[in-house]
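Q: Reading the sequence shown from the start, the letters are residues 1 to 578 in our numbering. Let me begin by handing over the structure; questions about it come next.
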Amino acid sequence: MRPLKILAIDDDPLIGMVIAAFVQRLGHTVVHVLSGDQALISYAEQAFDLVLVDRQMPGLDGLDTTRALRDMQQTSGWLPIIMLSGGAAIDEQVLALNAGCDDFIAKPINFQILEAKINSFWRIARMQQQIAGQHQQLQHYASLEAEERRICSFLMERLVRREMLDSPLIKYVLQPAAEVSGDLLLACTSRNGDVYVMLADATGHGLPAALTLIPLSQAFYAMAAKGYQLDTIARELNHQHRSYSPSDRFVAATMAMYNPRDCSIEVWNGGLPPALLIGPQGQVLRSFRSHNLPLGILSSSEFLCETETIQVPHASHLLLFSDGLVEAENAAFEQFGMQLLQQCVAAGAVEQCLERVQAAVLEHLQGATPHDDLSCLLLDCRAPASSPAQQLDAPPTPASSGLVQSWEFNLCLQAEQLRRLDLEPLLTDFCNTLGLDQQRQGPFSLILRELITNALDHGLLGLGSELKDGPEGFERYLLARIERLEALNSGQIRLDICQIGSLQGNQLSIEVTDSGPGFDWASRQNGDVEPSLYHGRGLQLVRRLSTSVEIHGRGNQVSALLCWDHIPITTHATAKTI
1 MRPLKILAID DDPLIGMVIA AFVQRLGHTV VHVLSGDQAL ISYAEQAFDL VLVDRQMPGL
61 DGLDTTRALR DMQQTSGWLP IIMLSGGAAI DEQVLALNAG CDDFIAKPIN FQILEAKINS
121 FWRIARMQQQ IAGQHQQLQH YASLEAEERR ICSFLMERLV RREMLDSPLI KYVLQPAAEV
181 SGDLLLACTS RNGDVYVMLA DATGHGLPAA LTLIPLSQAF YAMAAKGYQL DTIARELNHQ
241 HRSYSPSDRF VAATMAMYNP RDCSIEVWNG GLPPALLIGP QGQVLRSFRS HNLPLGILSS
301 SEFLCETETI QVPHASHLLL FSDGLVEAEN AAFEQFGMQL LQQCVAAGAV EQCLERVQAA
361 VLEHLQGATP HDDLSCLLLD CRAPASSPAQ QLDAPPTPAS SGLVQSWEFN LCLQAEQLRR
421 LDLEPLLTDF CNTLGLDQQR QGPFSLILRE LITNALDHGL LGLGSELKDG PEGFERYLLA
481 RIERLEALNS GQIRLDICQI GSLQGNQLSI EVTDSGPGFD WASRQNGDVE PSLYHGRGLQ
541 LVRRLSTSVE IHGRGNQVSA LLCWDHIPIT THATAKTI
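What follows is the structure, given as structure tokens:
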């Protein structure tokens, strides 16, 4: 232990010399002063570990000096003070202790007792220093943690993009168990009008859980905005999580994609409670249980992705929720549970089910703090307020009103690419890089997806549209498509895409040719689509979005043309509708 530095205050020089000699023999250093005033000056200028103060002194006596030293210690920290007094009466000791002294030694001084008390306060002083150091470290750590939470909260606010969640089709509840949520709610509408939502629940809660979600939100928004399929997004999110998060951390998630054109919904569930498809009156129509492991457990080569796709009735809603909701415990350790959740959902109109669930959870908790984040999201499965098809009727913006770039793109896709690639987002991105007119990106994406799907499904896989008829026809069609696509080992699809910009008018042509046998397209040229059927809508949509559509050859070659006038930026003319 380091030697102590002791301040001895006594108006008798002889006693001061004796105390100094004794203390120095113990290995400590002493500063002796003759009055309380000198003591205050020395205490302000130097750092001491212990103070010995005489009771009777001219000017400031021992009691007043002690009180003054204690006032100075309000800012410098506590140090022990021992009173030395010629009076050993109980009243004298009480006065010394009440003035702020930590101990009392009667004169004449018993140096054995003085040595013992110095050693005792030496240990106390060392512990006090340790505590002060630890307190300073804790303050430093608390400051760092507060700054980390502030930055993480800022990043999460930017990454979540709450303006997307504020869509009229979406309602949500997010109640973090800590200052930063370990649950993540995301929503995005793609350029072709599909609505994507995601609820993710990271291991643990608070800041460590939130950090593992940051790479996932970036990848989800980038891919959903481009219209990638759910299985492609899930594989990329799994790859991102394994690349940027520790191996003992994983993320349970549910993703859904609603297609308003086909009135269909696709769900991927990896480790979360079942998502519920709810009818207008709160009845549960379908439960989408977890058929996949959470993100981050399997490597990319081992990762299997199973989705469920169904046709959804009109005015139905999809409810996603985390396990923190159903596992919320009250003071009696009773969980909220799936049964109570479904009772809340079925208690009235589906549009208000989140309000009922939130109120029921609060009542169930009875003031108890939930041990995990509580989150749920309700998606209204109706057409968005605006779709890419409506973009054609809107006046062109200045950025896209001028002369567009001219370019041409030709590609031949073989069976191997057709089996494993999500083609439309890749091709649309490439065409955007070439200079695809901004106002045509939405319609282009829809037309390209429909033409490629028709060429692949009907031309190469030989799937008949009549498979979609009946209550379970849509699911039967998708199952057959998956089986035939996995077995596809020959065939090709050729794409010829060209954009021409000129003062006389701009145009974009898309031609898709497959190597399949074709079909008798002439007999169906003027046929109307039956609204009750779940097929025949793709080509009708392409015709509505395009200036003209032509079918060539044996029905295995389809071309769509989009034309629009060039409008100089300096004018305010209204764009012609297509």
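Note that the Cβ used here is the ideal one computed from N, Cα and C, for glycine as well.
For the stretch 275 to 287 against the stretch 343 to 352, are there 3 or more C-beta pairs whose distance is under 8 angstroms?
A: These segments touch.
Q: Does the Cβ of Val30 lie closer than 7 angstroms to at least one heavy atom of the ligand ADP?
A: Absent from the structure shown: the ligand ADP. Ligands present: none.
Q: Straight-line CA distance for Arg126 to Val51?
A: Approximately 15 angstroms, taken between the alpha carbons.
Q: What are the boundary residues of the alpha helix (DSSP H) that includes Met223?
A: Leu207 to Lys226 is the span of the alpha helix (DSSP H), which, as asked, contains Met223.
Q: Quick one: any contact between the stretch 228 to 238 and the stretch 301 to 312, if contact means 3 or more CB pairs under 8 angstroms?
A: Output reads yes: the stretch 301 to 312 touches the stretch 228 to 238.
Q: Taking the straight line between their C-alpha atoms, what separation do you get for Arg450 and Ala209?
A: Going by the sequence as given, residue 450 is Glu instead of Arg. So the alpha carbons of these two residues sit roughly 40 angstroms apart.
Q: Quick check on the DSSP output: the beta strand (DSSP E) that includes Asp11 runs from which residue to which?
A: First-last for Asp11: undefined, no H or E at that position.
Q: Can you give the beta carbon distance from Asn238 to Asn269, rounded, assuming they're within the 8 angstroms contact cut?
A: About 14 angstroms; that fails the 8 angstroms criterion.
Q: Can you check which of these residues, Val94, Pro260, Ser217 and Gly296, is closest to Arg249 by C-alpha distance?
A: Answer by Cα proximity: Gly296.
Q: Over the uninterrupted beta strand (DSSP E) stretch that includes Ile310, give me the two end residues.
A: First-last of the beta strand (DSSP E) with Ile310: Glu308 to Gln311.
Q: What are the boundary residues of the alpha helix (DSSP H) that His552 is part of?
A: Careful: His552 lies outside any alpha helix (DSSP H), inside the beta strand (DSSP E) at Ser548 to His552.
Q: On a CA-only basis, which of Ser559, Ile9, Asp71 and Arg67 is nearest Asn98? Give me that one, please.
A: Nearest C-alpha to Asn98: Arg67.
Q: What three-state label does DSSP hand Gly501 in the structure shown?
A: Three-state result, Gly501: coil.
Q: Does DSSP put Arg286 in a helix, a strand or coil?
A: The answer is strand: DSSP assigns Arg286 an E or B state.
Q: Taking C-beta to C-beta, are Leu34 and Asp11 nearer than 8 angstroms?
A: Taking 8 angstroms as the Cβ cut-off, Leu34 and Asp11 qualify as a contacting pair.
Q: Determine the extent of the alpha helix (DSSP H) in which Asp71 is found, giving its start and end residues.
A: Taken as a continuous stretch (DSSP letters only), the alpha helix (DSSP H) holding Asp71 covers Gly62 to Ser76.
Q: Can you tell me where the alpha helix (DSSP H) with Ser85 in it begins and where it stops?
A: Taken as a continuous stretch (DSSP letters only), Ser85 belongs to no alpha helix (DSSP H), being part of the beta strand (DSSP E) at Ile81 to Ser85.
Q: On the criterion of 16 or more Cβ atoms from any shown chain inside 10 Å, does Gly442 qualify as buried, or is it exposed?
A: Under this definition Gly442 is a buried residue.
Q: Could you check the C-alpha separation between Asp437 and Cys376 for me, to the nearest Å?
A: Approximately 38 angstroms between the Cα atoms of the pair.
Q: Quick one: measure Cβ to Cβ for Val197 and Cys263, integer angstroms, because I've assumed they're closer than 8 angstroms.
A: Not really, about 16 angstroms apart at Cβ, beyond 8 angstroms.
Q: Cβ of Ala252 within 8 angstroms of Cβ of Leu272?
A: Against a cut-off of 8 angstroms, the Cβ pair of Leu272 and Ala252 comes out as a contact.
Q: May I ask you to report which of helix, strand or coil DSSP gives Glu530?
A: Annotation note: pLDDT 45 at Glu530 (below 50); position unreliable, no value reported.
Q: Since Asp49 and Leu4 are thought to touch, with beta carbons under 8 angstroms apart, how far apart are those beta carbons, to the nearest angstrom?
A: Correct: roughly 4 angstroms between the Cβ atoms.
Q: Would you mind sorting Leu319 into buried or exposed? The rule is 16 or more other CB atoms within 10 Å of its CB.
A: So Leu319 counts as buried.
Q: Which parts of the stretch 422 to 459 are runs of the alpha helix (DSSP H), unbroken and 4 residues or longer, counting only runs that do not cross its ends?
A: Counting whole runs of 4 or more residues, the stretch 422 to 459 contains the alpha helix (DSSP H) stretches 423 to 434 and 441 to 454.
Q: Classify Leu318 as helix, strand or coil using the three-state DSSP reduction.
A: DSSP places Leu318 in strand when its eight states are reduced to three.
Q: Short check: CB of Leu561 to CB of Gln492, under 8 angstroms?
A: Not a contact, by the Cβ cut-off of 8 angstroms.
Q: Based on the DSSP secondary-structure assignment, which residues constitute the bridge partners of Leu374?
A: DSSP output for Leu374 lists Gln175 as bridge partner(s).
Q: Give me the Cα-Cα distance between Gly86 and Ile15, rounded to the nearest whole angstrom.
A: Taking the straight line from one Cα to the other gives about 12 angstroms.
Q: Given this structure, state the Cα-to-Cα distance separating Cys101 from Ile82, to the nearest angstrom.
A: If I take the Cα positions, the gap works out to 6 angstroms.
Q: Between Ile452 and Leu423, is the Cβ-Cβ spacing less than 8 angstroms?
A: Yes; because the gap between Cβ atoms is below 8 angstroms, this pair is in contact.
Q: I'd like the span of the alpha helix (DSSP H) that includes Ile41, first residue to last.
A: Start and end: Gly36 to Glu45.
Q: Secondary structure at Glu302, three-state DSSP: helix, strand or coil?
A: It is coil, neither helix nor strand.
Q: As a quick exercise: from Ala142, Leu378 and Pro294, pick the residue whose alpha carbon is nearest that of Ser316.
A: It is Leu378 whose Cα lies nearest to the Cα of Ser316.
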